[in-house]
Amino acid sequence: MNNTSFCTKIKEKRVALELTQKDLAEKLNVTPQAISRWESGDVEPSLGAIKEMASIFGCSVDELLSDSEKDSAETNDTGEKEDEAAPVVQAPLPILAVCSKCGAPIYKQGEIHTYTESHRVGRHTETVSKIICEKCHQDRLKQEKIEEARKREYERVAGVKRRKRSFIWPSIIVGVLFAIVLAICVGNNASAGVTVGVSIGIWLLWPYIACLFLNNNFLGEMSLEIWSWGFVKMPGVIFSFSLDGLFWLLTVKLFLWILGFLIAAAAAALAIAVGTVCGIFVYPFAISRNFREPQYTTL
Numbered sequence: 289m290n291n292t293s294f295c296t297k298i299k300e301k302r303v304a305l306e307l308t309q310k311d312l313a314e315k316l317n318v319t320p321q322a323i324s325r326w327e328s329g330d331v332e333p334s335l336g337a338i339k340e341m342a343s344i345f346g347c348s349v350d351e352l353l354s355d356s357e358k359d360s361a362e363t364n365d366t367g368e369k370e371d372e373a374a375p376v377v378q379a380p381l382p383i384l385a386v387c388s389k390c391g392a393p394i395y396k397q398g399e400i401h402t403y404t405e406s407h408r409v410g411r412h413t414e415t416v417s418k419i420i421c422e423k424c425h426q427d428r429l430k431q432e433k434i435e436e437a438r439k440r441e442y443e444r445v446a447g448v449k450r451r452k453r454s455f456i457w458p459s460i461i462v463g464v465l466f467a468i469v470l471a472i473c474v475g476n477n478a479s480a481g482v483t484v485g486v487s488i489g490i491w492l493l494w495p496y497i498a499c500l501f502l503n504n505n506f507l508g509e510m511s512l513e514i515w516s517w518g519f520v521k522m523p524g525v526i527f528s529f530s531l532d533g534l535f536w537l538l539t540v541k542l543f544l545w546i547l548g549f550l551i552a553a554a555a556a557a558l559a560i561a562v563g564t565v566c567g568i569f570v571y572p573f574a575i576s577r578n579f580r581e582p583q584y585t586t587l
């Protein structure tokens, strides 16, 4: 066997199919080191391995061994070759899959890619796995990068809008409350100390309301949690089915409704009070984070 020509053909066929030594070794159930030694000519593969390689390369054993044993064709007594080797037609590569996007056949294992799509079927969502080729896979990755960039830009713009609203709306809300409270204090001839104290308390709401509009801190969730304490389930009412019984039912129900409203209002007031105190310390960090990461929210 012409070892140099044979080992060169192994490497050429492998490279033509874009197979690494490891890929070919896995198909032949040998080590990558064995493939390396075959291609360097240090060791010759067995006849079984040669047949398997010919099948993988899509060629005949004769073509793989050409310029070696088969090229030193048998000659007759006159020194002439008895038979000329018949031309070998390389078998086409098998189609491993078909791209679900463009319909192109896929011949190489490394060019098969899968992804999942979700479809709404009635009230249920079905997830379907699809196969695509290398070109469609690259196009899909590019589209995903574009969509991700658009999403980040949208979130950044939304964060900038939240920052602007956190300056405008707290000022409007606190300004209106301040005007109302000031009018009440003046109308009731409240002392200067009371008026100043209430006014300061009103303006301390500003950082808390601004944090709620920024929505990148814990104050919103904390306020809702505290407020939820006020929504308690009232007990049922036992009554007789008569005129007096119905009157009793309506009276008790009205009382329970007023009581529930007062409890919810007290919980809301507690949530605002705690949020106002926390807002003084949280707001500097919240507005700073919005400038650094305007897209960040607690949702």
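Residues in the sequence shown are numbered consecutively from 289, following this note's numbering. Idealized CB from N, CA, C, for every residue including glycine. Just so we're clear, the structure is a prediction, and the values are computed from it rather than from any experiment.
Problem set entry | Euclidean distance between Cα positions of threonine 404 and threonine 415 | 6 Å
For this session: Specify whether the stretch 298 to 317 and the stretch 331 to 345 touch according to this definition: at least 3 beta carbon pairs, one from each stretch, less than 8 Å apart.
Result: yes
Problem set entry | Segments assigned alpha helix (DSSP H), at least 4 residues, entirely inside the stretch 487 to 564 | 493 to 502, 507 to 516
Problem set entry | For serine 576, the three-state DSSP class (helix, strand or coil) | helix
For this session: Please list, in chain order, all residues of the same chain as lysine 339 whose beta carbon is under 8 Å from its beta carbon, the five residues on each side excluded.
Result: If we look at lysine 339 and ignore the five residues flanking it on each side, its Cβ neighbours are Val349.
Exercise. For glycine 504, is the classification buried or exposed, using 16 other Cβ atoms within 10 angstroms of its Cβ as the cut-off for buried?
Worked result: Inspection of the sequence shows that residue 504 is occupied by asparagine rather than by glycine. Burial call: buried.
For this session: Tell me tyrosine 403's beta-bridge partners as DSSP assigns them.
Result: Lys418
Problem set entry | Coarse secondary structure for isoleucine 383, derived from DSSP in three states | coil
Problem set entry | Extent of the continuous alpha helix (DSSP H) to which serine 348 belongs | Counting along the chain, serine 348 falls outside any alpha helix (DSSP H), and DSSP gives it neither H nor E.
Exercise. Going by other Cβ atoms of all chains shown within 10 Å of its Cβ, with 16 needed for buried, is proline 382 buried or exposed?
Worked result: exposed
Problem set entry | Euclidean distance between Cα positions of isoleucine 456 and glycine 447 | Near 15 Å, if we compare the C-alpha coordinates of glycine 447 and isoleucine 456.
Exercise. Should alanine 392 and phenylalanine 345 be called a contact, given that it needs their Cβ atoms to be closer than 9 Å?
Worked result: no
For this session: Could you tell me which residues DSSP puts in a beta bridge with threonine 413?
Result: Arg408
Exercise. So, are the CB atoms of serine 459 and cysteine 499 less than 9 Å apart?
Worked result: no
Exercise. For the stretch 407 to 422 against the stretch 436 to 452, are there 3 or more C-beta pairs whose distance is under 8 Å?
Worked result: no
Problem set entry | Under the three-state DSSP convention, the category proline 582 falls into | coil
For this session: Using beta-carbon positions only, say whether leucine 493 and isoleucine 461 come within less than 9 Å of one another.
Result: yes
Exercise. Which one of Glu509, Ser530, Ala313 has the shortest CA to CA distance from alanine 337?
Worked result: Ranking Glu509, Ser530, Ala313 by CA distance to the CA of alanine 337 puts Ala313 first.
Problem set entry | alpha helix (DSSP H) runs contained entirely in the stretch 443 to 485, provided each spans 4 or more residues | none
For this session: Using the Cα positions of tyrosine 571 and cysteine 387, report the straight-line distance between them to the nearest angstrom.
Result: 54 Å
For this session: Using the DSSP secondary-structure output, state which residues sit across from isoleucine 394 in a beta bridge.
Result: Per the DSSP secondary-structure output, isoleucine 394 pairs in a beta bridge with Ala385.
Exercise. Are alanine 399 and cysteine 421 close, meaning C-beta to C-beta below 9 Å?
Worked result: This sequence places glutamate at residue 399; alanine is not what is there. Taking 9 Å as the Cβ cut-off, glutamate 399 and cysteine 421 qualify as a contacting pair.
Exercise. With 16 as the cutoff for other CB atoms within 10 Å, does tryptophan 545 come out buried or exposed?
Worked result: exposed
Exercise. By Cβ distance, which residues of its chain are closer than 7 Å to proline 320, with the 5 residues on each side in sequence left out?
Worked result: Gln309, Lys310, Ala313
Exercise. Would you say alanine 555 faces chain B, with C-beta separation under 9 Å as the test?
Worked result: As a matter of chain content, chain B is missing from the structure shown, which is built from one protein chain.
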